[in-house]
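Structure first, then comments.
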Amino acid sequence: MELPTKSRDNSVIDWVSAILNNSTCHVTLSRRKLTIYKGVIQGRARAVFNGKVIIHPQAQQSAAKQLNKNLLLGEKAEVDTKPELQIYADDVKCSHGATVGQLDELALFYLQSRGICKKEAESWLVFGFVSEVLNRIDNPDMREFVLLPVLAHLNHLVGGDVKSLQEIMPAKKGTISCQ
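The sequence shown lines up with residues 7 to 185 when you count with the numbering used here.
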């Protein structure tokens, strides 16, 4: 992964290149796996996702679902996604999918019509996008540990206000929701 660099005048170059390769193997009977990858790509950043699920012949009655969902925050942001299934058993339930999109303009308009500034509305929508993954963290302490850096990073991406998103943080044992 290449990280943004700073020039002499301390301005940040707005590109990052990330490549994610993942393989999930099912080798025994009746395995179940749901894998969700979410990417938020901004500026001139480029992300590449290569995900592979392999079901071996002895892994009958396995179920696997792989999703890669990406949100582009800029006209020059790019993502290439290649989910892949290699199935060598005949009694399985498997699926894979990928999406690439931008912030919903109608949702953005709705939030702005309720008095929320554009940058804050963008922060809320991006947070809603990633909260599906955060809500799947069963351990409340781990969820809380992951949440603060995620909020700070999301706010940096869209130039929002960390304080406004902290108001919708979950209780220690709750889930994340925008209310």
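Backbone N, C-alpha and C define an ideal beta-carbon position, used for all residues, glycine too.
Have a look at the DSSP bridge pairing and note the partners of residue i.
i: L117; result: Answer by DSSP bridge pairing: none, since L117 is not bridged.
i: C100; result: A70
i: G45; result: N76
i: T105; result: K75
i: C31; result: I60
i: R38; result: A69
i: I143; result: Note: I143 sits in no beta bridge, so no partner.
Within this structure, are the beta carbons of residue i and residue j separated by less than 8 Å?
i: T105; j: N76; result: yes
i: Q72; j: T41; result: yes
i: F133; j: L91; result: no
i: T87; j: F135; result: no
Which whole-angstrom value is the C-beta distance of residue i and residue j, which I expect to be below 8 Å?
i: G57; j: P89; result: 5 Å
i: G80; j: Q48; result: 5 Å
i: L131; j: L153; result: In fact, because the Cβ distance is near 17 Å, the residues do not count as touching under 8 Å.
i: E128; j: L112; result: Between L112 and E128 the Cβ distance is about 14 Å, and since that is not below 8 Å, they are no contact.
i: A53; j: V85; result: 5 Å
i: A95; j: P63; result: 5 Å
Within the same chain, show all residues whose beta-carbon is closer than 6 Å to that of residue i, passing over the 5 residues directly before and after it, in chain order.
i: V98; result: I61 and S68
i: A70; result: K39, V59 and C100
i: C31; result: I60
i: S36; result: Q67
i: G121; result: none
i: H102; result: Q72, P89 and L91
i: V156; result: none
Excluding the 5 residues preceding and the 5 following residue i in the sequence, name in chain order all residues of the same chain whose CB lies nearer than 7 Å to its CB.
i: G180; result: Confidence at G180 is low in this model, with a pLDDT of 43, below 50, so its placement is unreliable and the value that follows should be read with caution. Excluding positions up to five away in sequence, the list is empty.
i: Y116; result: none
i: I93; result: I61 and C100
i: N74; result: Y43, F55, G57, T87, P89 and A104
Who are the Cβ neighbours of residue i in its own chain at under 8 Å, not counting the five residues just before and after it?
i: V139; result: I42 and K44
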